[in-house]
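Shown next, in structure tokens, is the structure this report addresses.
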Ligand code: H79
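In mature numbering (1 follows the signal peptide of the UniProt record, and there is no 0), the protein residues as written are -25 to -1, 1 to 566.
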């Protein structure tokens, strides 16, 4: 291992050619739910889910009875957390919520019809949330909707049946680690009447049998949605993981345990800025502010936001799991119903541009988003126009392909296209067919020819990797490490989480040595991070630049890139030696 010190530069670079793979690579995850399958079998199993793009999430429990209110107070901004935030004793939660759960207005058939009308293809519902209350007829605990509430009906069974009848895929949310009712569950630190047993006992007595029952007695289950992964014993993990095998085609998320990727990555509340590379993923998001029904929550997202979110997520190759919150009566508020219907109206005309599509092949689009579908020997590009151009000219930057046909999705009006150096221009009528998102369909013959996307070397052979095109790996879309602007220049800032790391993909045409120069600011002390390229890694330490606003250019050293073609560079905090930095860009200068 060579240590290089540069005189006069407060920067120290330690190079090492081959690190032990476990040191810096993400901890190799446990296999997904079906570890024996080939890549082809896996993609077949996930085929329906990837084609679906849009699902309904439902948070419903005994917390819904009081709409997040306890003794006249709203202790939390998400109602399903009420018991925890108000430190409600188990006995009180029973009298205030469980004993009063009687949603007589609930109609499973009508509920599923509404999801279907919105264009949703699957439905995932809270079979048990952190409060530990089973919304189904649990055989192992009387703390369930049939045995403990005046309602006495198995809501999960009614919904499973209604979904099966109406062709909607059905899945369960199950909180496996937190259980504020069982004496071995995690999370209840306030009820001193609990006579503690071990977590493993809880898993054996409750979580595993309940999950087993959900995967046995409720017909075909398409998704098992774990939540809030915590450290647990290998035995507990494996026994929970094992039960999903009861449904051969099932799809699981990444929240069973630490480092268990499941079948897909979850983002909670936030949409990633760029498409996560090489994995399936889903954004779950409440339609208003709270997951569970909360009386005071009027923070409904507009139909426009929701429709554009769906297009945005689809354009990055992900799924949208949009949450609704039934009340204690068992219905949705009119605000939610209106929005679902508005999405449904848009989908009625435009769903072809969502279902079965994959991520956009184009770079960032000033006017909206793009989704793609491969058909026969050609490609369809769906241009989701949010901002209808006033001059009637829609530029598709970088597109070089021959356009076979262009038309408006709304009424099939044919559109003229022409080619110019910067791309294809589509001539649009004066008025947008849809003020939220009008879809323009482009049929392209043969392979796509696009000059854009990946960062390319400039005239001097230097590659500029700026903050705004970096992919930020920040746990489930959290905002510790995000793009912000200072003096109109984007930088990656608020980088307080040393688990967050950033990645750029770019095109290399000349392999060889590159000097990497960073434009960055360090507030205090010094910050150490790893520069990770496919052929070489280096630990770099940069001293304080005198403040978050004091940007300097610092050489991070010389690195070799051995192959031409697509390449990626990652910057990862060196845990324990990290100080937040603001990073504007990296320039890779060919030596
Ligand atoms: O089920 C929904 C959340 O209840 C659950 N995941 C989604 C799908 C979730 N559990 N924990 N977390 C999410 C992360 C922690 C959130 C918290 Fe809070 C922040 C707990 C306390 C502060 C949000 C705000 C919940 C209560 C107040």
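All residues carry an ideal CB built from backbone N, CA and C; glycine is no exception.
Of the residues the options, the one placed nearest residue i, counting alpha carbons only
i	options	result
residue 237	249, 561, 216, 246	216
residue 27	541, 331, 425, 456	331
residue 521	554, 371, 536, 210	554
residue 211	196, 182, 228, 433	182
residue 422	265, 411, 353, 409	353
residue 254	260, 242, 262, 264	242
residue 107	136, 189, 535, 149	149
residue 361	536, 282, 235, 66	282
residue 568	440, 397, 322, 478	Here the chain covers residues -25 to 566 and nothing more, so residue 568 does not appear.
residue 35	101, 81, 16	101
residue 191	336, 214, 218	218
residue 339	295, 432, 445	445
residue 485	565, 417, 449, 552	565
residue 38	92, 59, 250, 542	59
residue 141	105, 171, 83, 297	83
residue 72	41, 415, 221	41
residue 157	131, 189, 126, 117	117
residue 301	51, 530, 87, 154	87
residue 265	275, 172, 506, 258	275
residue 207	189, 124, 177, 223	177
residue 511	528, 496, 532, 527	532
residue 89	430, 319, 495	319
residue 284	343, 69, 272	343
Contact belief for residue i with residue j at Cβ below 8 Å, rounded distance in angstroms
i	j	result
residue 493	residue 466	Contact doesn't hold; Cβ gap of about 11 Å is too wide.
residue 174	residue 159	5 Å
residue 246	residue 287	6 Å
residue 269	residue 54	4 Å
residue 519	residue 497	5 Å
C-alpha distance - residue i paired with residue j, whole-angstrom precision
i	j	result
residue 545	residue 166	45 Å
residue 384	residue 391	14 Å
residue 64	residue 47	16 Å
residue 425	residue 367	23 Å
residue 3	residue 537	Note on residue 3: pLDDT 28, under 50, position unreliable in the model; the coordinate value appears next. Their Cα atoms are separated by approximately 25 Å.
residue 98	residue 400	40 Å
residue 77	residue 109	14 Å
residue 413	residue 459	30 Å
residue 138	residue 194	10 Å
residue 213	residue 551	31 Å
residue 436	residue 513	22 Å
residue 33	residue 298	5 Å
residue 307	residue 16	38 Å
residue 350	residue 359	19 Å
residue 257	residue 291	10 Å
residue 500	residue 200	43 Å
residue 231	residue 204	5 Å
residue 8	residue 228	Caution is warranted here: a pLDDT of 46 is assigned to residue 8, below 50, making its placement in the model unreliable, and the coordinate value is therefore given only provisionally. Taking the straight line joining both Cα atoms gives about 9 Å.
residue 119	residue 309	28 Å
residue 317	residue 325	12 Å
residue 14	residue 226	14 Å
residue 561	residue 491	6 Å
residue 478	residue 535	17 Å
residue 121	residue 280	38 Å
residue 198	residue 523	44 Å
residue 1	residue 476	Residue placement at residue 1 is flagged as unreliable, the pLDDT there being 29, under the threshold of 50; the coordinate-derived value follows with that caveat. Distance between the alpha carbons of residue 1 and residue 476: 11 Å.
Environment of residue i [buried if 16+ CB atoms lie within 10 Å]
i	result
residue 525	exposed
residue 557	buried
residue 389	exposed
residue 234	exposed
residue 548	buried
residue 540	exposed
residue 463	exposed
residue 559	buried
residue 376	buried
Residue range of the unbroken alpha helix (DSSP H) whose run includes residue i
i	result
residue 214	209 to 218
residue 174	174 to 177
residue 68	65 to 71
residue 459	Not the alpha helix (DSSP H): residue 459 falls in the beta strand (DSSP E), residues 457 to 461.
residue 322	309 to 325
residue 507	Here residue 507 belongs to no alpha helix (DSSP H); instead the beta strand (DSSP E) covers 501 to 507.
residue 134	130 to 141
N- and C-terminal bounds of the beta strand (DSSP E) containing residue i
i	result
residue 261	256 to 261
residue 466	464 to 468
residue 25	Premise fails: residue 25 lies in the alpha helix (DSSP H), 22 to 27, not in any beta strand (DSSP E).
residue 100	97 to 103
Check: residue i C-beta below 7 Å from any heavy atom of ligand 2
i	result
residue 269	Although ligand 2 was asked about, the structure shown includes only ligand 1 as ligands.
is_contact[residue i, chain D] using C-beta, thresh 8 Å
i	result
residue 138	This model lacks chain D altogether, as it is built from one protein chain only.
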